[in-house]
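Take a look at the structure below.
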Amino acid sequence: MARVVPGVGGQMGQLEGMIRDRLIPTLMKGRWNGGPFTQHDVWLRDVAALPVRLLGLGIPKPTEPVDKDYKTSAAASKAITEAILRREDIDVDEHVKRGQKARAAHKEAIKEAVEKEWERLGSQLGQAASENQCEEVRQSKEKRQSGWLTATPLKEHGMNLSPDEFRDAMTI
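Numbering-wise (the UniProt record's numbering), the sequence shown opens with residue 1 and increments by one.
Next comes the structure, spelled out in structure tokens:
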């Protein structure tokens, strides 16, 4: 929706509320006690939005990158849009070039934003978590312990499991 409907972020608040109030606490084994949100609860939601390589869960906030997604989509499809409006043939090469350029710029902007968010959350770590939790996060980040979460089972490596079977086996 974010790529085709401008300004849809405001309408995603209910979805974000369900993710924040139900999904994240369930994944964190009920860490939220049902009372008012604490600074730690807000921090956990922010961390959950980070990619797995930065110790997050990769659960994006549907209310945040919406305008960037729409602008990227508009830029990527501009060649087609202009050709349709002028009733001309579509220049596929131009469309591909613009699309690649827009996606690369979007990817770089997202990467920079995520790195800044990681730094911000890292600076708040001491306020939002205990000393032991802070140390665990630092060690996990340094050792890149989250890599197995995004591993893909490949037949060439002797893993004849489907991705679902692989994840099930990892949890057992």
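Using N, Cα and C, we set each Cβ at its ideal position, and we do this for glycine too.
Note that this is a predicted model, so its numbers are computed, not measured.
Straight-line Cα distance separating residue j from residue i
| i | j | result |
| --- | --- | --- |
| residue 115 | residue 12 | 24 Å |
| residue 87 | residue 97 | 21 Å |
| residue 25 | residue 121 | 19 Å |
| residue 76 | residue 23 | 33 Å |
| residue 71 | residue 95 | 15 Å |
| residue 52 | residue 58 | 6 Å |
| residue 60 | residue 20 | 11 Å |
| residue 42 | residue 105 | 29 Å |
| residue 89 | residue 62 | 36 Å |
| residue 101 | residue 73 | 11 Å |
| residue 54 | residue 40 | 18 Å |
| residue 15 | residue 99 | 29 Å |
| residue 103 | residue 112 | 14 Å |
| residue 85 | residue 10 | 30 Å |
Secondary structure of residue i, DSSP reduced to three states
| i | result |
| --- | --- |
| residue 61 | coil |
| residue 72 | helix |
| residue 12 | helix |
| residue 88 | coil |
| residue 123 | helix |
| residue 54 | helix |
N-terminal and C-terminal residue of the alpha helix (DSSP H) that residue i is part of
| i | result |
| --- | --- |
| residue 44 | 39-48 |
| residue 27 | 24-27 |
Other residues of its chain near residue i: CB distance less than 7 Å, five sequence neighbours each side excluded
| i | result |
| --- | --- |
| residue 109 | 68 |
| residue 28 | 44 |
| residue 56 | 47, 48, 49, 50 |
Near the ligand MG: residue i beta-carbon under 6 Å from a heavy atom
| i | result |
| --- | --- |
| residue 37 | As far as ligands go, the structure on display features none, and thus does not contain the ligand MG. |
Cβ shell of residue i (< 8 Å), same chain only, five flanking positions each side left out
| i | result |
| --- | --- |
| residue 17 | none |
| residue 117 | 46, 49, 50 |
Is it a yes or a no for the region 42-52 touching the region 72-88, going by three-plus beta-carbon pairs under 8 Å?
-> no
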